[in-house]
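Number of protein chains: 2
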Amino acid sequence: MTTESEEKALRYRRAQSVSKAEEITEQEKKVRKLQLDKPIHTPRDSLFSWSSEFNDFTGLVNWGFLMLSIGGVRLGLENFLKYGLRVNPLEWIIVLTGYNEGDRSQYPSVILIVFSIVPIVLSLLIEKGIAVDLIPNKLGIILQITHLLLMVLLPIAVLHYRGNDFSFVGITSVCMLYLIIFLKLWSYTQTNYWCRLGLKKKYSDTKLRRQSLSAPNWKSKEDLINDTPAAARLTKYPDNLNLKDLVYFMLAPTLCYELNFPRTARIRKRFVIKRVLELFFGINLALALFQQWMIPTITNSVETFTKMDVIRITERLLKLAVPNHLLWLCFFYLTFHSFLNLMGELLQFADRKFYGDWWNANNISVFWSTWNMPVHMWAVRHVYKPITGMGFSKFNAGLVVFAISALFHEYLVSVPLQMFRIWAFLSMMAQPPMAVISRTAEIKLGARWGNLMVWSSLILGQPLAIMMYYHDYAMLHFKPTVEVP
Amino acid sequence: MTTESEEKALRYRRAQSVSKAEEITEQEKKVRKLQLDKPIHTPRDSLFSWSSEFNDFTGLVNWGFLMLSIGGVRLGLENFLKYGLRVNPLEWIIVLTGYNEGDRSQYPSVILIVFSIVPIVLSLLIEKGIAVDLIPNKLGIILQITHLLLMVLLPIAVLHYRGNDFSFVGITSVCMLYLIIFLKLWSYTQTNYWCRLGLKKKYSDTKLRRQSLSAPNWKSKEDLINDTPAAARLTKYPDNLNLKDLVYFMLAPTLCYELNFPRTARIRKRFVIKRVLELFFGINLALALFQQWMIPTITNSVETFTKMDVIRITERLLKLAVPNHLLWLCFFYLTFHSFLNLMGELLQFADRKFYGDWWNANNISVFWSTWNMPVHMWAVRHVYKPITGMGFSKFNAGLVVFAISALFHEYLVSVPLQMFRIWAFLSMMAQPPMAVISRTAEIKLGARWGNLMVWSSLILGQPLAIMMYYHDYAMLHFKPTVEVP
């Protein structure tokens, strides 16, 4: 207790001395004010000195925004002065329809797109066959998988024989469409398989219970809930196996099949109009950016990449990074917000989580699990969970997801370019180690650095891969014509 | 009261129905979970939809930072590839000393800099003369003003006769030094004048009081405070009139004289070392930026400005704006933080408010009153307050401050360029109307827009003025030599 009172006394004395010091300062201030030379200086720190404890730099956000805009406008002007106006919306119609490629009356891309109805119907027929016990369960599954793999390989085969008839944009669209159908039908097949498995288990469970309890009317908790009116409204397997249901799923903005999608009450007209306008202007903006900015930059870069001059390659890469990134942002918004929301609204599909807030992602894993939710949900439901369900570790399941995703990326790039390199595959397979690095950065250096790493890999990684492919493509296609005059 | 109870009942029923609806949703959720198809979709909005009420875009700040950095690095590389390495620290030594200008043994800039001691000593002598009643008060004031005006005009006169002996950097330094000395001595003269005026008034007051009260020992409150030990430590007029005091003021990082500057207790060695390092590396960085980026851009722009092609001029202006702005930021930090703090620390000068947080300024008036505090304090103490004290309006006083500031800017630009244009003067005189516009923007559109206007005027205004001067300079000096081969 003595120490306490001593402390109190000390504190009191200290307070006294402080107040005395303050009194002196007050007196000094008064005296200074009365001086005849009108003094204005007072002891104070500069704002940048640590001791000032000043840290309001909100104006610098505006500064950054303005510097970006000025840089953007200047780049635009420089581009315009160098290349003139290259935007030509008509050119796209030509490219998309393949109209300018001579007087060939066949459009193989269009034929392949129309043909995609066949595997869809086939898939439904096989499911129906299994459901009515026409095809044995195991054989049915094998049939489905074989037919899906054949379908996704079809564009490669057609391209092999009729390669010169395709436009680049045409074959890219075909590949994208076939890949989406593959993912959707895989989900369709697997979900129907789950339903059959569930029904079988339920049946045997009920049988077992009847035998053991000899109470034929006994009902489990699950059965009770399934008897409510809410349950009665739901479609049950195999009532879902009809064309209308499958077509709805094929058009719906999701890759994961389920028997009862959540639905909205009505179609909001204003919402639809907004999305349509966004798509119209956004696509034209993106195409203009591509024609005016991206193509000249890539074309100018081939020679540089051949010479392997590190400084020049870096300069080209950084120059390409900006329009490429802006185009990717356009593409992201138009696809994942405008287009998928439009489809969702028209089909009264209620789950609109097509993307998470990947722009705030603090490590690369979070980015990959939020930027493309349809694919992410598909991968989790149909690859990751089944694999962990089989007893494999989460890490291995994650690796398999990335490997499959890498294969799909390679498919989407190599097939249209008719050039099997492994840049896309390698880029995707570089993601897991980069995820570990960025996670470490996030933990050790803070969330901001993790986020910066995500953005850097996004802004710089893509143009690097594009340049690799374009370099190889140009080497293959343009070099010989130059060397053979 | 009936209505109230009715309302209560209504609210109760509503709550009931809400809970009933919730119950149904809960039930539906449970039912959905039990379905065999493992459903994963739930009704939810996209993050960009207004209805999602999502607004966390903090990651975009990092995005902006990264895009700026990438743009900066790319510009640097492009510049390097185009112009090679132009940084040469030795060049600056040559420029600063005028060493390369033939074998002339006279360095007029250095002579003028050394000569600046003369007006300082002269000013002290005149003050001393007035204090000891050798020179009448009014004559003394006239002498001081005349001698100060002559001093500031001296570089112009010398330049007129020996213009070719000067380097551009040399004459700029001389003008800057003479202007600072002018402002400091003006403050010195006026402050001493205030002291004399105050003493005179006090004397006559005391005399009056003595006559009316016939109490020779009666003391006012002021007198009482002036008798305290705090007051005893202060220097009083005319004890301040000595060389040591004047030299301290001349070196001190302020333009406002007072008899008793606030002082710090000690010189912090670490602080001094940090500032010296900042100055060393910062100056080299700024000079490198200037040689590598600014000079080629300006040189390339002359022709463009002659042709008066609006798009090209805009492109050049925006290209110049970025390095110019970065240089200005370097200059600001080095001068107002590093250099003035170093001087303050060495002289134990305690008032370090050399700048306010102008980067957060929401209108141009705030910017002008915070970015350069020494000049701002001088203008308020020696121009604005005396003018409002004479009964003029605050608006008029403000205009006079801007006019004087405009004259100084013109002096600092026109004299070294030996070319009397009025671009600098006009730029400064455009500030009051722009202040009104930005103030309106701040009020009508919000603080962010005000801040954006301040930054725009800073980033774009300066290079515009520089281009104007450089264009005129190049027209005067380079055109004829090209035309006379």
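Residue numbers (the numbering used here), protein chains in the order written: chain F, 7 to 491; chain Z, 7 to 491. Note that the Cβ used here is the ideal one computed from N, Cα and C, for glycine as well.
Residue i and residue j: beta carbons closer than 8 Å?
i	j	result
G288/F	L340/F	yes
F360/F	S57/Z	no
F188/F	V158/F	yes
I76/Z	L74/F	no
L285/Z	L352/Z	no
Q196/Z	H388/Z	yes
Q437/Z	W334/Z	no
S307/F	M473/F	yes
F71/Z	G70/F	yes
R168/F	P114/F	yes
M379/Z	N330/Z	no
From the DSSP secondary-structure annotation, give me the bridge partner or partners of residue i.
i	result
R269/F	F355/F
R50/Z	D357/F
Against chain F, with Cβ distances strictly below 8 Å, would residue i count as a contact?
i	result
C336/Z	no
E34/Z	yes
H47/Z	yes
G204/Z	yes
W69/Z	yes
I410/Z	no
V37/Z	yes
N106/Z	Residue placement at N106/Z is flagged as unreliable, the pLDDT there being 49, under the threshold of 50; the coordinate-derived value follows with that caveat. Not closer than 8 Å to any Cβ of chain F, the Cβ of N106/Z fails to qualify, so no.
G65/Z	yes
D357/Z	yes
P268/Z	yes
G397/Z	no
R427/Z	no
How about residue i: is its C-beta nearer than 8 Å to some C-beta of chain Z?
i	result
N457/F	yes
V282/F	no
C181/F	no
P142/F	no
P469/F	no
D109/F	Legend: pLDDT at D109/F = 45, less than 50; position of this residue unreliable, no value from coordinates given.
M473/F	no
T8/F	A caution first: T8/F carries a pLDDT of 49, below 50, which makes its placement in the model too unreliable to give a value.
W299/F	no
L324/F	yes
H477/F	no
L130/F	no
I147/F	no
A480/F	no
N306/F	no
F431/F	no
M440/F	no
K44/F	yes
A403/F	no
Hey, out of the options, whose CA is closest to residue i's CA?
i	options	result
F63/F	L214/Z, W299/Z, A367/Z and M435/Z	A367/Z
F337/F	M434/F, P439/F, A238/F and F296/F	F296/F
P268/Z	E32/F, L40/F, D43/F and P49/F	P49/F
I273/F	Y167/F, Q354/F and D315/F	Q354/F
L332/F	P380/F, K144/F, D251/F and L464/F	L464/F
N290/F	V93/F, I186/F and K206/F	V93/F
W192/F	Y263/F, L83/F and D363/F	Y263/F
L145/F	P95/F, E133/F and A480/F	E133/F
F345/Z	N330/Z, T303/Z, P259/Z and K206/Z	P259/Z
T152/F	A453/F, P125/F and T320/F	P125/F
F54/F	A163/Z, W364/Z, D171/Z and F71/Z	W364/Z
D251/Z	Y194/Z, P95/Z and W69/Z	Y194/Z
I'd like to know if residue i contacts chain B, where contact means its C-beta is closer than 8 Å to some C-beta of that chain.
i	result
K213/F	The structure shown contains no chain B; its protein chains are F and Z.
task: Only counting runs of 3 or more residues, tell me where the beta strand (DSSP E) segments fall wholly within the segment 338 to 408 of chain F, in order along the chain.
output: none
Complete alpha helix (DSSP H) runs within the segment 408 to 491 of chain Z (minimum length 4 residues, chain order): 429 to 435, 437 to 451, 453 to 483 and 485 to 489
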